[in-house]
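Number of protein chains: 2
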Amino acid sequence: MVAEHKNFTKAAEKTFVTQPTLSMQIQKLEEELDILIFDRSTKPLRLTTVGQQIVEQARKIVNEANRMQDIVDQQKGYIGGDFKLGIIPTVMPTLLPMFLKLFTKKHPKVQLKIEELNTEECIQKLNEGNLDAAIAATPLVNENILERVIYYEPFVAYITENHRLFSKKEITVEDLDLEDILLLEDGHCFRDGVINLCNASKNKNTDNFQLESGSFETLIKLSNEGLGMTLLPYLHTLDIKDSEKKYLRYFKEPSPAREVSIIQHKSELKPQIVDALYKVISGIVRGAIAFQDVKIISPTKK
Amino acid sequence: MVAEHKNFTKAAEKTFVTQPTLSMQIQKLEEELDILIFDRSTKPLRLTTVGQQIVEQARKIVNEANRMQDIVDQQKGYIGGDFKLGIIPTVMPTLLPMFLKLFTKKHPKVQLKIEELNTEECIQKLNEGNLDAAIAATPLVNENILERVIYYEPFVAYITENHRLFSKKEITVEDLDLEDILLLEDGHCFRDGVINLCNASKNKNTDNFQLESGSFETLIKLSNEGLGMTLLPYLHTLDIKDSEKKYLRYFKEPSPAREVSIIQHKSELKPQIVDALYKVISGIVRGAIAFQDVKIISPTKK
DNA sequence: TAATTCTTATAAGAATTTCTTATAAAGTTT
DNA sequence: AAACTTTATAAGAAATTCTTATAAGAATTA
Chain A
1 MVAEHKNFTK AAEKTFVTQP TLSMQIQKLE EELDILIFDR STKPLRLTTV GQQIVEQARK
61 IVNEANRMQD IVDQQKGYIG GDFKLGIIPT VMPTLLPMFL KLFTKKHPKV QLKIEELNTE
121 ECIQKLNEGN LDAAIAATPL VNENILERVI YYEPFVAYIT ENHRLFSKKE ITVEDLDLED
181 ILLLEDGHCF RDGVINLCNA SKNKNTDNFQ LESGSFETLI KLSNEGLGMT LLPYLHTLDI
241 KDSEKKYLRY FKEPSPAREV SIIQHKSELK PQIVDALYKV ISGIVRGAIA FQDVKIISPT
301 KK
Chain B
303 MVAEHKNFTK AAEKTFVTQP TLSMQIQKLE EELDILIFDR STKPLRLTTV GQQIVEQARK
363 IVNEANRMQD IVDQQKGYIG GDFKLGIIPT VMPTLLPMFL KLFTKKHPKV QLKIEELNTE
423 ECIQKLNEGN LDAAIAATPL VNENILERVI YYEPFVAYIT ENHRLFSKKE ITVEDLDLED
483 ILLLEDGHCF RDGVINLCNA SKNKNTDNFQ LESGSFETLI KLSNEGLGMT LLPYLHTLDI
543 KDSEKKYLRY FKEPSPAREV SIIQHKSELK PQIVDALYKV ISGIVRGAIA FQDVKIISPT
603 KK
């Protein structure tokens, strides 16, 4: 059953089974259903139309079957087992160190496998069943994905001396101009959020930015060089150098913010662990973020 | 797996398997999950609390697995296989003869197994998976059950000479008085509908009726004997004797009516057959019931 | 187009699992 | 306590699934 996850049948022997076994299993299933699941006439073999539905249905069956264990675990109050968690890059470096230690201490039986993935990859892997949950910016409006908001993280501006906004104590969304903001490279939802934010106030088009980078560290450095201001998620501002703290400018409330949620597939497998994660993370973050009045910016991907 | 449907394990050997086999299967499952499914310390052995959840989940798994065949059938445009249909008593005698012949002719591959069941039994069997669909009066407001309205069937009064309403050409809901209406025995939802109807107009309490019967035939005969009026569903009035037709009194529009639906479990198995049934029945009934302006009466059970 | 390589299918026996018959054990009923 | 019912255990039979070995077919290369 699990064989269909990848379609190159031979490669799919990562199921710890030999190729003839797999071949026969599939043949048997095809015969039993009296239908072709795979189109074997093309070079990389493909699923037939029904095949796709069959695989989809097979996933559901496997999910329902796995839930059996969940029921037992719940009954026993047992929280343990493997758990694959995806985290988007702009959340990873700040959030992970905050909760990982406490979580593993509190739930030693859980074997966390954490992967840095962008939002799109998270969604795809959740749908394929290759990920149990993920931490991402929401809302996603994806009907296969359930979202559970953990916290709201305000944006904070980082503005160095030579920038036109440096002298302002507090800034507003209207002050922003996409032209002079340093952004992460394409594909980061934080970038999308910021672009969104700017578009919301002015109706600028989003062409030709100055420079793009994959990490906030770099953005700060570029900014220090006088190449423009940048926007940082609040938690990230907690560990910048003291000497750089003076460049932070908070937004006038309601501050724009991103919504960070734990997301999972709608089949809601391993609910105990998801719940445990939620509790640990939200408990910790509550201590770190005191803001209340906040205005949520959607990540909306293209 | 299917063994759990009935809990007397030995009796559950209707699974065409010997008792030791079942015993061992269950033991194996209990061991694998490391939990007790059955409480063997009582005379008729019972499910443990987890056991109930396990069985429920097992049903879901089986459902999802069965849906595999549905997918294939759908793809092939094949409509066939066993189909267990429940029909409530007050619909059975009039509706069944109308559609059965056409349906079996149109879908010869479907092996229909029809059972007369009251609404409550229908719901229970649908939930247990012992029934594929049923025809009943709706709305039911049961979150496990999906309803698909087939037709609205007006009530028609049957009033003999000696009754106070005999001389009226058309009657209204306000004319009705529970005290002098002959009703079906307790448990029939048609009865509930009528009581409801009367309560809706006046606020009488529903104690001490005169006589109660299990079939409309009897009610008509009792009515002929001058024991009171009665209410009949419209389709039933199509095959009463010509000599009795003169006692029929239609309601002034909007006529009170019952809503008759095909209902099924929310898991929506065998959608093609349910769909085929819906089409055949609604097609036929559309020819028989011309009424438009109708006021729906809910069956609302206690 | 023949040879090489890659991928899927087939065949036969080994290994594992599931089922049955026979029987024991435990619990109820009379 | 004897008769009866119901569930558990044990051992061999039956069925299924898996593996190794090998063939067959398609794509790529020479």
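These protein sequences, in sequence, are chains A and B.
Quick note on this note's numbering: the first sequence kicks off at 1 and runs consecutively.
Quick note on this note's numbering: the second sequence kicks off at 303 and runs consecutively.
Where a beta carbon is used, it is the ideal one built from N, C-alpha and C, also for glycine.
Remember, it's a predicted structure, so these values are computed and weren't measured experimentally.
Start and end residues, alpha helix (DSSP H) containing Gly388(B): As a position in the second sequence, residue 388(B) is number 86, starting the count at 1. Premise fails: Gly388(B) lies in the beta strand (DSSP E), Gly383 to Ile389, not in any alpha helix (DSSP H).
For Lys266(A) and Gly86(A), the rounded distance between their alpha carbons: As a first step, residue 86(A) is located in the first sequence; it is residue number 86 there, counting from the start. As a first step, residue 266(A) is located in the first sequence; it is residue number 266 there, counting from the start. Each residue's alpha carbon lies about 16 Å from the other.
As assigned by DSSP and simplified to three states, the class of Ile339(B): Residue mapping note: residue 339(B) aligns to position 37 of the second sequence, counting from 1. Here Ile339(B) sits in coil by DSSP.
Beta-carbon separation (whole angstroms), Ala367(B) vs Ile61(A), contact threshold 8 Å: The count along the second sequence starts at 1 and reaches residue 367(B) at position 65. The count along the first sequence starts at 1 and reaches residue 61(A) at position 61. Right, the Cβ-Cβ distance comes to about 5 Å (below 8 Å), so this counts as a contact.
Bridge-paired residues (DSSP) for Ile564(B): Mapped onto the second sequence, residue 564(B) falls at position 262. Paired residue(s): Ile437(B) and Arg450(B).
Inter-residue spacing [alpha-carbon to alpha-carbon] between Ser545(B) and Tyr460(B): Mapped onto the second sequence, residue 545(B) falls at position 243. Mapped onto the second sequence, residue 460(B) falls at position 158. Distance between the alpha carbons of Ser545(B) and Tyr460(B): 13 Å.
Straight-line gap, Thr138(A) to Glu56(A) (C-alpha atoms, nearest Å): Position 138 of the first sequence, counting from 1, holds the residue named residue 138(A). Position 56 of the first sequence, counting from 1, holds the residue named residue 56(A). If you take the alpha carbons of Thr138(A) and Glu56(A), they lie about 26 Å apart.
C-alpha gap between Val587(B) and Asn420(B), whole angstroms: The residue you call residue 587(B) lines up with position 285 of the second sequence. The residue you call residue 420(B) lines up with position 118 of the second sequence. Whole-angstrom Cα-Cα distance: 21 Å.
Residue(s) in a DSSP beta bridge with Leu231(A): As a working note, residue 231(A) is residue 231 in the first sequence. Answer by DSSP bridge pairing, in chain order: Ala157(A).
Lys80(A) vs Val110(A) beta-carbon contact at 9 Å: Reading the first sequence from its first residue, position 80 is the one you call residue 80(A). Reading the first sequence from its first residue, position 110 is the one you call residue 110(A). Rather than Lys, the amino acid found at residue 80(A) in this sequence is Gly. It is a contact, given that the beta carbons lie within the stated cut-off.
CB of Met98(A) within 9 Å of CB of Leu335(B), strictly: To locate residue 98(A), count along the first sequence from 1; it is residue 98. To locate residue 335(B), count along the second sequence from 1; it is residue 33. The answer is no: Cβ separation not under 9 Å.
Selection from Lys105(A), Asn127(A) and Asp132(A) that minimises the alpha carbon distance to Asn144(A): Counted from its first residue, the first sequence places residue 144(A) at position 144. Checking every option, the nearest Cα to that of Asn144(A) belongs to Asn127(A).
Beta carbon proximity, Thr49(A) to chain B, threshold 9 Å: Mapped onto the first sequence, residue 49(A) falls at position 49. With 9 Å as the cut-off, Thr49(A) counts as an interface residue toward chain B.
CB contact check: Gln111(A) to chain B, cutoff 9 Å: Within the first sequence, the letter at position 111 stands for residue 111(A). Chain B, which has no Cβ nearer than 9 Å to the Cβ of Gln111(A), makes this no.
Closest residue to Pro44(A) among Lys6(A), Ile123(A), Thr94(A) and Leu29(A) (Cα-Cα distance): Position 44 of the first sequence holds residue 44(A). Cα-wise, what sits closest to Pro44(A) is Lys6(A).
Which of helix, strand or coil DSSP assigns to Arg164(A): Here residue 164(A) corresponds to residue number 164 of the first sequence, with the count starting at 1. Three-state result, Arg164(A): coil.
Residue-level contact to chain A via CB, Asp577(B), 9 Å cutoff: Along the second sequence, one-based indexing puts residue 577(B) at 275. No, Asp577(B) does not count as interfacial toward chain A.
Within-9 Å CB hit, Gln359(B) to chain A: Position 57 of the second sequence, counted from the start, is the residue given in the question as residue 359(B). Gln359(B) counts as touching chain A.
Alpha-carbon spacing of Glu514(B) relative to Glu527(B), whole angstroms: Working through the second sequence from its first residue, we reach residue 514(B) at position 212. Working through the second sequence from its first residue, we reach residue 527(B) at position 225. In this prediction, Glu514(B) has a pLDDT of 45, which is less than 50 and means its spatial position is unreliable; nothing more can be read from the coordinates.
Three-state secondary structure (DSSP) of Tyr250(A): The residue you call residue 250(A) lines up with position 250 of the first sequence. In this structure, Tyr250(A) counts as strand in the three-state DSSP scheme.
Through-space distance from Ser41(A) to Glu561(B), alpha-carbon basis: Indexing the second sequence from 1 puts residue 561(B) at position 259. Indexing the first sequence from 1 puts residue 41(A) at position 41. Glu561(B) and Ser41(A): Cα-Cα distance of roughly 53 Å.
For Tyr151(A), the nearest candidate out of Lys125(A), His163(A) and Tyr278(A) (CA to CA): The residue labelled residue 151(A) in the question sits at position 151 within the first sequence. Checked all of Lys125(A), His163(A) and Tyr278(A); the closest Cα to Tyr151(A) is Tyr278(A).
Counterpart residues of Gln413(B) in DSSP-defined beta bridges: Locating residue 413(B) in the second sequence gives position 111, counting from the first residue. Answer by DSSP bridge pairing, in chain order: Asp384(B).
Residues in the segment 328-349 of chain B having any Cβ partner in chain A nearer than 8 Å: Leu335, Asp336 and Ile337
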